[in-house]
Amino acid sequence: MAFITLRRAFCHKSILWIPGAVVALKIHPASHAQKAVTDRLSVCFCSLQPELFRVRFHHAYCKNFHSEKGNDLHPVGEPWSPQGQEWNQPGQSLQNEDEEMLFRRLSYFTSFEEVLSFISALDTLPVPLAMAALLRICEIGRRDGQQRLPEGVLENCAFQALCLRCERDPSHLTNAGLVTALQFLHTLLPADPQSSLMLSLVAECQRRLQRGNLEVHHLCVLGESLAMLQGSSCETLKLVVRQLQSKSVETFAPEEIASVYRILQACPEEVDKHQTFLNTLNNFSISVVPYLSPKSISHVLTALVVLDQTHALPLLIKLGKYVVRYIPRFTNEELRKVLEAFVYFGHSDRFFTEALEQHVAALCFSLDPAVASSVMGYCSRKRILSKPIFDVVSEIVVCQWDRLSPSQIAELIEPFGKLNYVPPNAPALFRKVENVLYARLHHFPPKMLLRLLHSCTLIERHPINFMSKLFSPFFLQRLQGKESYLDRLSLAQLTQLFLTSVLECPYYKGPKLLPKYQVKSFLTPCCSLETPMDLHLYKSVVIGLIDLLGSRLYFASKVLTPYYYTIDVEVKLDEDGFVLPCTVDEDIHKRVALCIDGPQRFCLDSKHLLGKEATKQRHLRLLGYQVVQLPYHELELLTSRLELVDYLQRKLFSQSSAVLW
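Here the sequence shown stands for residues 1 to 661, where the numbers follow full-length UniProt numbering.
Below you can see the structure in the form of structure tokens.
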């Protein structure tokens, strides 16, 4: 057992901190106190700054020491004197208090000063008690919400002695104490992986790993610590993973399951090697989901995303069921991770949306802006038009705009345009957005500003006062940045803004968008401002039109107009209402644009068109087309070919009693 021995003359508080005070370390046989430290104190630890790891004792009232023959320490640069041994006798008691009482007293201290004073007043200090004191200091720091210990604590010679003790003799620590010490080195304080303390602890862990002495819980704690400290390339971490794979997952506790996922998450490049183990883990985890904490559920979902476990749908569905219950208990960061995972896996259900609505409504103005952005991003990507959520967010923007960063403002406003929703407080909302843009325009990156203003046009809130800036050469140059060309999506958004200024803003007299910045079509594979047709619905409509019109000659499909939009089906009529062949370009009185709107053109599980589809149909009408909408929810109700023909006749020729061609 290792002890920290203070000269007896310095045990009295009145003369404790005297210049030249000698602190010596001596190793003695172990006692039962080593076990008591893990039983009586919660598992916490702390680390020093990298420069402190290599320091022995350096303080205004302490001298530097080094070890002679691995045991006794004496001042550096001074001759060794045997008279110091009279204070280091193995039989010396701990100030007449048994160890049980010392541990109990230590657990009652609530400040750094109390712990350090208590330790400094002892004649001898066993390693377990030194560890317990160190962990208690960390507990106090965590309780106070500190990210790192105060400098006064780090520079205290008693604190440095505690850290030095752990570095010199980690073999006396229990398995739990060892892995816990390593764990808190990277949580409470930034630790240098190459520090002597870290190397000593990791080396001891390696020895115990090779002997196979660590249980599953210890392997989990050690694996997470190594992943944080040394990354996935750490050979010791690979050994931990191999030992975990050799265990039976049925014996793992629920929180250990979550820990294993976090360890594997740190090694995404080796997911193929671990896939068999992951399959076993995914299947077994279904049974332990009810016992996972909200924090662990968030961690498991994050790991599934990083490891790309798209085939683990049963586990994902089970996790989603319990996410609904835990929404009020998630922290902001945990909830954000859950939403990101649901977006990644394409998961959504009505119960989760309802729970999210209740959570947002309950928090209202106290809703964290970052969480509000994540919620709106989830709704946007999943096409979920939740009016309660959107209404709360619109009020947040109006009342708390000064708390929002430019990126948060854009993330909160863009979904309104995408999902084609105008909130009840729209005048106040967009007036506030305009004021924010006037005051902080240069704080918005060019692409973010373009996305924001484009989304406003989708719900007919046209940014007239900013269009001249968007079309200016200076903005276009900033938008392009260091690239050799503008990306396709930005060009399409600029083109649609320009078309909007021509069709819907005749009073706009500012600069125009040069032709070289205009796209030829809004329908492109990677970044389209139009939603492609549903092929199944398209085939059904084509069959009905052939039956109705008598020939495929009388309508055209996927017609690209001179105005960048692509029409699903176009029918041409002359002045008398006769249907013309699609190849005729003369004597055309009216063009009918049939919009075959599949589910992807609507908000999820609703009959509400997306903003880009509503804008397309609005523009086509302004361009002179007769727009006929054929929504999927109407087409799916038709049970026969005859019903389909009757339906198309009503849609196409509602003002005529017969078809003319």
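Backbone N, C-alpha and C fix where the C-beta goes; we use that ideal spot for every residue, glycine too.
Per-residue burial, Thr302 [other beta carbons within 10 Å of its own, 16 or more giving buried]: Position 302 of the sequence shown, counted from the start, is the residue given in the question as residue 302. Counting Cβ neighbours within 10 Å, Thr302 comes out buried, since at least 16 surround it.
Sequence-distant residues of the same chain with beta carbon closer than 7 Å to Ala227, five excluded per side: Your numbering for residue 227 matches position 227 in the sequence shown. Counting only Cβ-Cβ distances below 7 Å, and skipping sequence neighbours, we find Leu237, Ile263 and Ala266.
Identity of the residue in Val397, Lys382 and Tyr485 nearest Leu604 by Cα: To locate residue 604, count along the sequence shown from 1; it is residue 604. Checking every option, the nearest Cα to that of Leu604 belongs to Lys382.
Length of the line joining the Cα atoms of Val249 and Val260: In the sequence shown, counting from the first residue as 1, residue 249 sits at position 249. In the sequence shown, counting from the first residue as 1, residue 260 sits at position 260. Cα to Cα, the separation comes out at about 10 Å.
Spatially closest choice to Gly598 from Arg618, Val375, His633 and Asp576, by CA coordinates: Along the sequence shown, one-based indexing puts residue 598 at 598. Per the Cα distances, His633.
Between the CA atoms of Phe430 and Leu486 - distance to the nearest angstrom: By one-based count along the sequence shown, residue 486 stands at place 486. By one-based count along the sequence shown, residue 430 stands at place 430. So the alpha carbons of these two residues sit roughly 28 Å apart.
Whole-angstrom distance between Ile588 and residue 667, CA atom to CA atom: It is not possible to answer for residue 667, since the shown part of the chain is limited to 1 through 661.
Presumed contact (8 Å Cβ cut-off) between Val289 and Glu256, rounded CB distance: The residue you call residue 289 lines up with position 289 of the sequence shown. The residue you call residue 256 lines up with position 256 of the sequence shown. Contact doesn't hold; Cβ gap of about 14 Å is too wide.
Where Cys527 sits in the DSSP three-state scheme: Locating residue 527 in the sequence shown gives position 527, counting from the first residue. Reduced to three states, the DSSP call for Cys527 is coil.
Meets three-Cβ-pair contact criterion under 8 Å: the segment 402 to 422 and the segment 608 to 616: Short answer: they touch.
Complete alpha helix (DSSP H) runs within the segment 597 to 657 (minimum length 4 residues, chain order): Counting whole runs of 4 or more residues, the segment 597 to 657 contains the alpha helix (DSSP H) stretches 611 to 622, 632 to 635 and 641 to 652.
Alpha-carbon spacing of Thr583 relative to Pro463, whole angstroms: By one-based count along the sequence shown, residue 583 stands at place 583. By one-based count along the sequence shown, residue 463 stands at place 463. So the alpha carbons of these two residues sit roughly 40 Å apart.
Delimiting residues of the alpha helix (DSSP H) encompassing Ile413: Counted from its first residue, the sequence shown places residue 413 at position 413. Where Ile413 is concerned, the enclosing alpha helix (DSSP H) stretches over Pro406 to Lys418.
Nearest residue (CA-CA) to Thr615, options Leu529, Leu635, Phe252 and Leu644: If you number the sequence shown from 1, residue 615 lands on position 615. Looking at the Cα atoms, Leu529 is the closest of the given residues.
Neighbourhood of Asp391 by C-beta distance below 7 Å, restricted to the same chain and skipping five residues each side: Position 391 of the sequence shown holds residue 391. These residues qualify, in order along the chain: Pro423 and Pro424.
Val375 - DSSP class collapsed to helix/strand/coil: Counting from 1 along the sequence shown, the entry for residue 375 is found at position 375. Look at Val375 here: in three-state DSSP terms it is helix.
Cβ-Cβ distance between Leu197 and Glu224 below 8 Å: Within the sequence shown, the letter at position 197 stands for residue 197. Within the sequence shown, the letter at position 224 stands for residue 224. Contact flag unset, no.
Residue nearest to Arg440 in terms of C-alpha spacing, selected from Leu404, Phe471, Phe474 and Asn213: As a first step, residue 440 must be located in the sequence shown, where it is residue number 440. Nearest option by C-alpha distance: Leu404.
Distance between Arg143 and Asp246 (C-alpha atoms, nearest Å): Stepping through the sequence shown from its first residue, residue 246 is reached at position 246. Stepping through the sequence shown from its first residue, residue 143 is reached at position 143. For clarity, residue 246 is Ser in the given sequence; the question names Asp instead. So the alpha carbons of these two residues sit roughly 37 Å apart.
Chain B within 8 Å of Arg650, Cβ atoms only: The structure shown contains no chain B, having only a single protein chain.
Nearest-angstrom Cα separation, counted from Pro631 out to Phe602: The residue labelled residue 602 in the question sits at position 602 within the sequence shown. The residue labelled residue 631 in the question sits at position 631 within the sequence shown. The straight-line gap from Cα to Cα measures roughly 9 Å.
Whole-angstrom distance between His311 and Ala355, CA atom to CA atom: Counting from 1 along the sequence shown, the entry for residue 355 is found at position 355. Counting from 1 along the sequence shown, the entry for residue 311 is found at position 311. Spanning the two alpha carbons is a distance of roughly 26 Å.
Per-residue burial, Asn156 [other beta carbons within 10 Å of its own, 16 or more giving buried]: Numbered from its first residue, the sequence shown carries residue 156 at position 156. It is buried - the Cβ of Asn156 has at least 16 other Cβ atoms within 10 Å.
Among Arg165, Ile409 and Met131, the one whose alpha carbon lies nearest that of Ala176: Within the sequence shown, numbered from 1, the residue matching residue 176 stands at position 176. When only C-alpha atoms are compared, the closest one is Met131.
Same chain, Cβ closer than 7 Å to Ser386, five either side skipped, listed in chain order: Counted from its first residue, the sequence shown places residue 386 at position 386. Counting only Cβ-Cβ distances below 7 Å, and skipping sequence neighbours, we find Thr353, Glu357 and Cys379.
Reference Lys607, options Asn213, Ile384 and Leu313, closest by Cα: What you label residue 607 is simply residue 607 of the sequence shown in a count that begins at 1. Shortest Cα-Cα distance from Lys607 to any of Asn213, Ile384 and Leu313 involves Ile384.
DSSP beta-bridge partners of Arg591: As a first step, residue 591 must be located in the sequence shown, where it is residue number 591. Per DSSP, Lys572.
Given 8 Å, three or more beta-carbon pairs between the segment 501 to 512 and the segment 614 to 628: Contact holds: three or more Cβ-Cβ distances are below 8 Å.
The segment 632 to 649 contacting the segment 471 to 487, beta-carbon criterion three pairs below 8 Å: With the cut-off at 8 Å, the segment 632 to 649 and the segment 471 to 487 do not touch.
Backbone secondary structure at Leu367 - three-state DSSP: Taking the sequence shown and counting its residues from 1, the one referred to as residue 367 is at position 367. Leu367 falls in the coil class under three-state DSSP.
Assigned exposure category for Arg104 - 16 Cβ within 10 Å defines buried: Along the sequence shown, one-based indexing puts residue 104 at 104. Arg104 is exposed by the Cβ-count criterion.
Beta-carbon spacing of Pro314, His359 below 8 Å: Looking up residue 314 in the sequence shown gives position 314. Looking up residue 359 in the sequence shown gives position 359. Their beta carbons are not under 8 Å apart, which means Pro314 does not touch His359 by this criterion.
Rounded straight-line distance, which links the Cα of Tyr108 to that of Leu129: In the sequence shown, residue 129 corresponds to position 129, counting from 1. In the sequence shown, residue 108 corresponds to position 108, counting from 1. For Leu129 and Tyr108, the distance between alpha carbons rounds to 14 Å.
When Val393, Glu334 and Ser348 are compared against Ala362, the one with the closest alpha-carbon: Sequence index remark: in the sequence shown, residue 362 carries index 362 (1-based). The closest CA to that of Ala362, considering only Val393, Glu334 and Ser348, is found on Val393.
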